[in-house]
Amino acid sequence: MNLRDQIKEAGVIGAGGAGFPTHVKLDAKAEFVLLNGAECEPLLRVDQQLMEYFPEEVIKGLEKARQHVKGKKALIGIKEKHTKVIDKLERKIKELQVESTVEIKKMADVYPAGDEQVLVYELTGRVVPEAGIPIHVGCVVINSETALNIHRAINQDPVTHSYITVSGDVPNPLTAKVPVGMKIIDALKLTGINDFQNHRVIDGGPMMGRVLESLEGSVTKKSKGYIVLHKDHYLIKKKTVTWKQSRRINRSACEQCRLCTDLCPRFLIGHSIQPHKIMNASNYLTPNMNHLKRVQLCCQCNLCELFACKSGLYPQRNNTFFKEELAEHKVKYQPQEKSYKPHEIREYRMVPSKRLVARLGLSKFDEKAPLIKEEVRVDEVIISMRQHVGAPSNPIVSVNDEVQLGQMIGRAPDGSLSASTHASISGKVSSVEKDFIVIRGEKYV
Ligand code: SF4
Ligand code: SF4
Numbered sequence: 001m002n003l004r005d006q007i008k009e010a011g012v013i014g015a016g017g018a019g020f021p022t023h024v025k026l027d028a029k030a031e032f033v034l035l036n037g038a039e040c041e042p043l044l045r046v047d048q049q050l051m052e053y054f055p056e057e058v059i060k061g062l063e064k065a066r067q068h069v070k071g072k073k074a075l076i077g078i079k080e081k082h083t084k085v086i087d088k089l090e091r092k093i094k095e096l097q098v099e100s101t102v103e104i105k106k107m108a109d110v111y112p113a114g115d116e117q118v119l120v121y122e123l124t125g126r127v128v129p130e131a132g133i134p135i136h137v138g139c140v141v142i143n144s145e146t147a148l149n150i151h152r153a154i155n156q157d158p159v160t161h162s163y164i165t166v167s168g169d170v171p172n173p174l175t176a177k178v179p180v181g182m183k184i185i186d187a188l189k190l191t192g193i194n195d196f197q198n199h200r201v202i203d204g205g206p207m208m209g210r211v212l213e214s215l216e217g218s219v220t221k222k223s224k225g226y227i228v229l230h231k232d233h234y235l236i237k238k239k240t241v242t243w244k245q246s247r248r249i250n251r252s253a254c255e256q257c258r259l260c261t262d263l264c265p266r267f268l269i270g271h272s273i274q275p276h277k278i279m280n281a282s283n284y285l286t287p288n289m290n291h292l293k294r295v296q297l298c299c300q301c302n303l304c305e306l307f308a309c310k311s312g313l314y315p316q317r318n319n320t321f322f323k324e325e326l327a328e329h330k331v332k333y334q335p336q337e338k339s340y341k342p343h344e345i346r347e348y349r350m351v352p353s354k355r356l357v358a359r360l361g362l363s364k365f366d367e368k369a370p371l372i373k374e375e376v377r378v379d380e381v382i383i384s385m386r387q388h389v390g391a392p393s394n395p396i397v398s399v400n401d402e403v404q405l406g407q408m409i410g411r412a413p414d415g416s417l418s419a420s421t422h423a424s425i426s427g428k429v430s431s432v433e434k435d436f437i438v439i440r441g442e443k444y445v
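In the UniProt record's numbering, the protein residues as written are 1 to 445.
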């Protein structure tokens with residue numbers, strides 16, 4: 001089996017973000033494979049610890065990906081503040097004798113250093129074209145957990161677990177390897193919190209994550225973490241404002257100061273998105289509706305909304321709404337330029353993570369979330385068939401089947417963009433639906 005098929009068989013997807021199937025991502029020739037180890041979302045601590053505790057596996061997975069796409073170099077993007085991790089990676093690169101192909105690129109501690117297009121620029125000096133993807137400038141981007149999963153796939157070890165950080169207003173913030181399909185509420189309880197009456201939970205990082213309506217869901221292969229906060233915390237209040245409320249506030253209070261544009265990372269790399277103009281166009285339906293189409297250049301980093309705008313408005317929410325509207329009406333922004341140049345002032349407009357954390361009211365939660373060594377055991381998992389971009393995997397097991405940890409339970413349909421799914425515990429299948437499979441652990445069989 002070649003690497004592509006091994007990765008496909010193991011169900012590897014982008015661990016974080018949208019969950020793009022990795023075997024499809026690597027179906028390309030690229031000059032660079034970039035390891036996104038920037039982990040710029042405040043409080044999340046997965047990637048940095050995977051590079052610290054599994055440097056060999058991460059580097060080997062990355063190097064295999066590089067060889068597969070026939071890349072010249074594999075570049076590891078990591079914040080320079082992680083000196084201990086960088087030392088470990090450097091030693092391992094030497095030990096594995098891959099110095100000629102694997103290189104570490106140190107990054108500033110700013111947000112959003114981990115945005116894919118910002119990362120490409122920081123590591124290679126290339127700007128991904130508007131409405132483009134990294135491969136358009138010869139790059140493929142994967143993160144640390146994906147590289148680790150590639151390495152494991154080569155050893156016939158499919159993706160059954162996900163590494164998550166649970167942090168925020170909890171007794172013991174931590175990072176853990178948990179079975180895919182574990183109930184979110186049980187994952188949260190690992191930190192010692194049991195009463196959620198006065199708390200709300202953000203799925204993902206505090207910047208881009210969304211507040212969960214309920215805690216009934218399950219961990220997926222692309223889960224990165226959960227931030228628990230008091231229900232009255234600024235971030236929870238800000239993120240739970242309805243579209244109608246945000247629209248009313250936006251229309252009444254945008255003073256066109258353009259601070260949102262001045263700090264927008266996509267504007268700063270040379271794209272033509274200008275959130276203040278989008279606000280103007282959408283609030284007052286000005287004749288120049290071209291700006292509205294540029295919402296498609298927004299990466300939803302939320303810097304404009306949660307940091308830049310001093311009036312407390314919702315430019316990101318505005319972008320997301322119109323992005324969805326345009327997608328529904330199949331209206332596409334047509335890039336005007338062929339090449340892009342970052343703004344000269346870019347380096348002076350970086351937002352330091354510490355300042356961002358303070359602005360978000362998270363400073364007292366900005367602490368370590370150590371990776372726990374103990375195995376996390378659960379009695380039941382609810383495994384989604386839709387954890388990835390593309391078509392869902394098709395269930396290939398039936399109720400009452402006994403399955404073993406790592407056994408394929410959902411197969412990616414042939415010829416579709418999809419990924420397969422595997423049992424994350426051994427046990428008996430208790431339910432098979434189109435969208436999910438429930439497995440009860442051995443002790444219940
Ligand atoms: S920063 Fe806020 S007030 Fe200023 S232009 Fe942007 S949305 Fe309007
Ligand atoms: S969310 Fe705001 S700051 Fe981020 S890319 Fe979109 S417009 Fe720019």
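Heads up, the beta-carbon is just placed ideally off N, CA and C, and yes, glycines get one too.
Treat the numbers as computed from the prediction; the structure is a model and nothing was measured.
Residue Cys309 holds the alpha-carbon nearest to the alpha-carbon of cysteine 264 among Cys309, Leu89, Ser144, Glu433. Assigned with DSSP and collapsed to three states, threonine 83 falls in helix.
Counting C-beta pairs with one atom in each stretch, the stretch 252 to 261 and the stretch 269 to 288 have three or more that are closer than 8 Å, which means they touch.
Burial is judged here by how many other beta carbons sit within 10 angstroms of a residue's own beta carbon; serine 214 has fewer than 16 and is exposed. Closest in C-alpha terms to glutamine 117, from the list Pro342, Val376, Glu57, comes Pro342. Short of 7 Å from the beta carbon of histidine 422, and not among the five residues preceding or following it, lie these beta carbons of its own chain, in chain order: Gly11, Pro158, Val159, Thr160, Gly406, Gln407, Met408, Ile409. Under the 8 Å Cβ criterion, the stretch 324 to 331 does not count as touching the stretch 221 to 233, having fewer than three qualifying pairs. Contact annotation, isoleucine 439 with glycine 427: C-beta distance approximately 5 Å; criterion of less than 8 Å satisfied. In this structure, DSSP gives threonine 191 a state outside helix and strand, which the three-state scheme calls coil. Cβ neighbours of isoleucine 154 within its own chain (closer than 6 Å, five residues either side excluded): Gln6. For tyrosine 163, the number of other beta carbons within 10 angstroms of its own is at least 16, and it is reported as buried.
Between aspartate 186 and valine 378 the beta-carbon gap is near 6 Å, inside 8 Å, which marks them as a contact.
The DSSP-derived three-state label of cysteine 298 is coil. Counting only residues of its own chain and dropping the five nearest sequence neighbours on each side, valine 170 has a CB closer than 6 Å to the CB of Thr191, Ile193, Val228. Within the model, the alpha-carbon separation for glutamate 442 versus arginine 411 is close to 23 Å.
Within the stretch 79 to 148, complete beta strand (DSSP E) segments of at least 3 residues are found at 102 to 107, 139 to 143, given in chain order.
In the DSSP assignment, the residues bridged to asparagine 394 are Arg411.
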